[in-house]
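*Asks:* Just dropping this structure here.
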């Protein structure tokens, strides 16, 4: 019985990574087979429209990097403010952030679209970035993190003549590396995979991000590049591999933090 | 106000501004828009409750039902299966357990658009599943082309994107149960089933609670997979609430009607989430 259970668990794990493996494999085969590759081939990679892919990658970078940076700064500042300061309506305001955590955010895309369009930011990078900066859960973690931090470091810094911003910038932030890493990973995943919003915001082709670009190909909406010796599935697989690569690299480099970040979520709720 | 109070407000200022702009304001805007007929975001005409009356004939209720199917599927696929795996891994050596949890997390990182192309093949009439079933003399089934299967099939595709994350949470919860409780139960002659049902399951209640709510919110936001795999079809059988709102707003251009759908979905999900949290019974 024990053995059967274990075999089932291993099989399910293999099933889980299979689509990823098949995607990479297909990108390196010349025929559309999905199976044991008969011959490794670089056809698909050679016939990619690299110019367009670099444009998507550039757009993704322009959107994702500021989203992550701002998300980290905004979450850490707010968490610190809630944890270490007294001000009117503090608890009510914090409750608002907690409520925001149980809002199914995705379905707010219609009013958000109207608001961003009214701000004149439709079809712009800023329009793609602004709504993903705030992650209420990030504010929540940050507050928990700073609550556990002693008061004496801050007081010592104040004695040395630091103002409140300097205390935060030079004392608190350097002590926040685990928190920053976790918030940054969350922010990256949200911004990199933000298909719906980036799709809605990019009217112009030259604003499309990696994920939107891949989607246009999957839906047959891209006026496709000359396929040459490649196959459509091969091209799809190659671009899919590129889309999967950055999150994968991040996971390999920071897997410890992925786990901690998740554990914090339940621990605190 | 003292200087220190102002400084506290300054620290939360940016977050608060974004909260008002992209959470609070959208909720208000969607409620207001649901009472108006709009044309290209330029002219707005008051129509009262008309959109809410129209909801019944608009296919919105069908979409709610499809989303409920996703919810049921996700509770089974994502929550129950990940719990069973976590329990099993709790009794193997830590090294193997960590390795398995890492492997299970890979599809979480990769889920979404990047594997759509391969999944289309896996589910096709000549894909692995149908080939395997064919060997057993079954099928082939058109998983995505059959109205009574499409929602379950798309939920199945999404499954491995959640199991790994849930598994980590369950494992963390199980890890906090003192070993002597488990040993004592064993000494008292509890079999595996009783151990799971009477000891492990009650003691992981907070995690279960959290996952019930998170999974519920996740199900309300299913959009990407049905959009990419079936466009919500055939005949609306995989059109979730989010996809319905998307089509109504951006394909048909009915912003007012879409807003009434958003309002109802928000109310329903907020009410259910609050109920679940208050009850704490799950």
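Chains as they are written, first to last, in our numbering: chain A, 1 to 269; chain B, 1001 to 1282. Glycine residues also receive a C-beta, built at the ideal position from the N, C-alpha and C atoms.
If you drop the 5 nearest sequence neighbours on each side, which residues of the same chain put their C-beta closer than 6 Å to that of residue 61 of chain A?
*Replies:* Taking the first residue of the first chain as 1, we reach residue 61 of chain A at position 61. Closer than 6 Å at Cβ, skipping near neighbours: no residue.
*Asks:* Rounded to whole angstroms, how far is the Cβ of residue 67 of chain A from the Cβ of residue 133 of chain A, which I believe are closer than 8 Å?
*Replies:* If you number the first chain from 1, residue 67 of chain A lands on position 67. If you number the first chain from 1, residue 133 of chain A lands on position 133. Residue 67 of chain A to residue 133 of chain A, Cβ: 6 Å. Contact.
*Asks:* Assess contact between the segment 1245–1257 of chain B and the segment 1038–1056 of chain B, defined as three or more Cβ pairs (one per stretch) separated by less than 8 Å. Is contact present?
*Replies:* Cβ pair count under 8 Å is three or more, so yes.
*Asks:* Helix, strand or coil for residue 51 of chain A per DSSP?
*Replies:* Locating residue 51 of chain A in the first chain gives position 51, where the first residue counts as 1. In the structure shown, residue 51 of chain A sits in a helix (DSSP, three-state: H, G or I).
*Asks:* Beta carbon of residue 211 of chain A, beta carbon of residue 198 of chain A: below 8 Å?
*Replies:* Position 211 of the first chain holds residue 211 of chain A. Position 198 of the first chain holds residue 198 of chain A. Cβ atoms of residue 211 of chain A and residue 198 of chain A: closer than 8 Å.
*Asks:* Nearest to residue 1276 of chain B by alpha carbon, out of B/1057, B/1211 and B/1083?
*Replies:* Looking up residue 1276 of chain B in the second chain gives position 276. With distances taken between Cα atoms, residue 1276 of chain B lies closest to B/1211.
*Asks:* Residue 66 of chain A CB to nearest chain B CB: under 8 Å?
*Replies:* On the first chain, position 66 is the one that residue 66 of chain A refers to. No, residue 66 of chain A lies away from the interface with chain B (no Cβ there is under 8 Å from its Cβ).
*Asks:* Identify the contact partners of residue 1117 of chain B in chain A, using a Cβ-Cβ distance below 8 Å as the criterion.
*Replies:* Here residue 1117 of chain B corresponds to residue number 117 of the second chain, with the count starting at 1. Ordered by position in chain A, the residues that pass the 8 Å Cβ test against residue 1117 of chain B are 23, 26, 218, 233, 236, 237 and 240.
*Asks:* Using the C-alpha atoms, what's the distance from residue 23 of chain A back to residue 232 of chain A?
*Replies:* Against the first chain, residue 232 of chain A aligns to sequence position 232. Against the first chain, residue 23 of chain A aligns to sequence position 23. The alpha-carbon atoms of residue 232 of chain A and residue 23 of chain A are separated by roughly 13 Å.
*Asks:* List, in order along the chain, the chain A residues whose C-beta lies closer than 7 Å to that of residue 1046 of chain B?
*Replies:* As a first step, residue 1046 of chain B must be located in the second chain, where it is residue number 46. Near residue 1046 of chain B there are no residues of chain A at all, since even the closest Cβ is about 17 Å away, more than 7 Å.
*Asks:* State yes or no: is the beta carbon of residue 1134 of chain B nearer than 8 Å to at least one beta carbon in chain A?
*Replies:* Mapped onto the second chain, residue 1134 of chain B falls at position 134. Not one chain A Cβ lies under 8 Å of residue 1134 of chain B.
*Asks:* Please state the DSSP three-state secondary structure of residue 122 of chain A.
*Replies:* In the first chain, counting from the first residue as 1, residue 122 of chain A sits at position 122. Coil at residue 122 of chain A, not helix or strand.
*Asks:* Enumerate, from N- to C-terminal direction, the unbroken alpha helix (DSSP H) stretches of 4 or more residues contained entirely within the segment 108–157 of chain A.
*Replies:* Taking only runs of at least 4 residues, the alpha helix (DSSP H) segments lying wholly in the segment 108–157 of chain A are 109–118, 125–133 and 136–147.
*Asks:* So if I threshold CB-CB distances at 7 Å, which residues from the segment 1223–1237 of chain B count as touching chain A?
*Replies:* Here the close residues are 1223, 1224 and 1228.
*Asks:* Let's test the definition: count the other Cβ atoms within 10 Å of the Cβ of residue 54 of chain A and tell me whether it reaches 16, buried, or not, exposed.
*Replies:* Your numbering for residue 54 of chain A matches position 54 in the first chain. Exposed.
*Asks:* If the cut is a Cβ gap below 8 Å, which residues of chain B does residue 214 of chain A touch?
*Replies:* In the first chain, the residue the question calls residue 214 of chain A occupies position 214. Under the 8 Å cutoff, chain B gives 1113 and 1114.
*Asks:* How far does the alpha helix (DSSP H) with residue 1216 of chain B in it reach, from first residue to last?
*Replies:* As a position in the second chain, residue 1216 of chain B is number 216, starting the count at 1. Where residue 1216 of chain B is concerned, the enclosing alpha helix (DSSP H) stretches over 1205–1220.
*Asks:* Would you kindly work out how many angstroms separate the C-alpha atoms of residue 1080 of chain B and residue 1157 of chain B, rounded to a whole number?
*Replies:* Along the second chain, one-based indexing puts residue 1080 of chain B at 80. Along the second chain, one-based indexing puts residue 1157 of chain B at 157. Distance between the alpha carbons of residue 1080 of chain B and residue 1157 of chain B: 16 Å.
*Asks:* Under a Cβ-count criterion, where at least 16 other Cβ atoms within 10 Å of its own Cβ denotes burial, should residue 164 of chain A be classed as buried or exposed?
*Replies:* For the purposes of this step, residue 164 of chain A is taken as the residue at position 164 of the first chain. Counting Cβ neighbours within 10 Å, residue 164 of chain A comes out buried, since at least 16 surround it.
*Asks:* Considering only residues of the same chain and omitting the five flanking positions on each side of residue 139 of chain A, which have a CB-CB separation below 6 Å?
*Replies:* In the first chain, the residue the question calls residue 139 of chain A occupies position 139. Closer than 6 Å at the Cβ level, and outside the excluded window around residue 139 of chain A, lie 75, 78, 79 and 97.
*Asks:* Do residue 57 of chain A and residue 143 of chain A have their beta-carbon atoms positioned less than 8 Å apart in this structure?
*Replies:* Along the first chain, read from residue 1 onward, the residue named residue 143 of chain A stands at position 143. Along the first chain, read from residue 1 onward, the residue named residue 57 of chain A stands at position 57. In this structure, residue 57 of chain A does not lie closer than 8 Å to residue 143 of chain A by Cβ.
*Asks:* Hey, residue 59 of chain A and residue 208 of chain A: beta-carbon distance below 8 Å or not?
*Replies:* Residue mapping note: residue 59 of chain A aligns to position 59 of the first chain, counting from 1. Residue mapping note: residue 208 of chain A aligns to position 208 of the first chain, counting from 1. A contact, by the Cβ cut-off of 8 Å.
*Asks:* For residue 1243 of chain B and residue 1232 of chain B, which I take to be in contact (beta-carbon distance under 8 Å), what is that distance rounded to the nearest angstrom?
*Replies:* Stepping through the second chain from its first residue, residue 1243 of chain B is reached at position 243. Stepping through the second chain from its first residue, residue 1232 of chain B is reached at position 232. Right, their Cβ atoms sit about 5 Å apart.
*Asks:* Identify the contact partners of residue 255 of chain A in chain B, using a Cβ-Cβ distance below 9 Å as the criterion.
*Replies:* Along the first chain, one-based indexing puts residue 255 of chain A at 255. Going along chain B in sequence order, the residues near residue 255 of chain A (Cβ under 9 Å) are 1102 and 1105.
*Asks:* Report the neighbours of residue 77 of chain A on chain B: residues whose CB is nearer than 9 Å to its CB, in chain order.
*Replies:* One-based indexing of the first chain puts residue 77 of chain A at position 77. Those are 1010, 1011, 1012, 1013, 1014 and 1015, listed as they occur along chain B.
*Asks:* Measure the alpha-carbon distance for residue 257 of chain A versus residue 5 of chain A and round it to whole angstroms.
*Replies:* Within the first chain, the letter at position 257 stands for residue 257 of chain A. Within the first chain, the letter at position 5 stands for residue 5 of chain A. So the two alpha carbons sit approximately 29 Å from each other.
*Asks:* If contact is defined by three or more beta carbon pairs under 8 Å, each pair taking one atom from either stretch, is the segment 1016–1026 of chain B in contact with the segment 107–125 of chain A?
*Replies:* In short, these stretches touch, since the Cβ pair count reaches three.
*Asks:* From the DSSP output, in three-state form, read off residue 269 of chain A for me.
*Replies:* Here residue 269 of chain A corresponds to residue number 269 of the first chain, with the count starting at 1. Its pLDDT being 45, under 50, residue 269 of chain A is placed unreliably by the model, and nothing is read from it.
*Asks:* Could you please give the first and the last residue of the uninterrupted alpha helix (DSSP H) stretch that includes residue 1052 of chain B?
*Replies:* For this step, residue 1052 of chain B is matched to residue 52 along the second chain. Note, residue 1052 of chain B: alpha helix (DSSP H), 1050–1054.
*Asks:* Would you please state the rounded distance, in angstroms, between the beta carbons of residue 116 of chain A and residue 125 of chain A? I believe it to be under 8 Å.
*Replies:* If you number the first chain from 1, residue 116 of chain A lands on position 116. If you number the first chain from 1, residue 125 of chain A lands on position 125. 12 Å between Cβ atoms; not a contact.
*Asks:* Whether or not the segment 1145–1161 of chain B and the segment 1070–1085 of chain B are in contact is what I'm after, with contact meaning three or more pairs of Cβ atoms, one per stretch, closer than 8 Å; do they touch?
*Replies:* Short answer: they touch.
*Asks:* Determine, for residue 1252 of chain B, whether the minimum Cβ-Cβ distance to residues of chain E falls below 8 Å.
*Replies:* Although the question refers to chain E, the structure presented lacks it and instead comprises the protein chains A and B.
*Asks:* Can the beta-carbon of residue 1108 of chain B be found less than 8 Å from the beta-carbon of residue 1165 of chain B?
*Replies:* Stepping through the second chain from its first residue, residue 1108 of chain B is reached at position 108. Stepping through the second chain from its first residue, residue 1165 of chain B is reached at position 165. Yes, the Cβ-Cβ distance between residue 1108 of chain B and residue 1165 of chain B is below 8 Å.
*Asks:* What's the gap between the Cα of residue 200 of chain A and the Cα of residue 113 of chain A?
*Replies:* Position 200 of the first chain, counted from the first residue, corresponds to residue 200 of chain A. Position 113 of the first chain, counted from the first residue, corresponds to residue 113 of chain A. Their Cα atoms are separated by approximately 8 Å.
*Asks:* How about residue 41 of chain A and residue 29 of chain A: do their beta carbons lie closer than 8 Å?
*Replies:* The sequence position of residue 41 of chain A within the first chain is 41, counting from 1. The sequence position of residue 29 of chain A within the first chain is 29, counting from 1. Yes; because the gap between Cβ atoms is below 8 Å, this pair is in contact.
*Asks:* Could you check how far apart the C-beta atoms of residue 254 of chain A and residue 185 of chain A are, in whole angstroms? I think they sit under 8 Å.
*Replies:* Here residue 254 of chain A refers to the residue found at position 254 of the first chain. Here residue 185 of chain A refers to the residue found at position 185 of the first chain. Correct: roughly 6 Å between the Cβ atoms.
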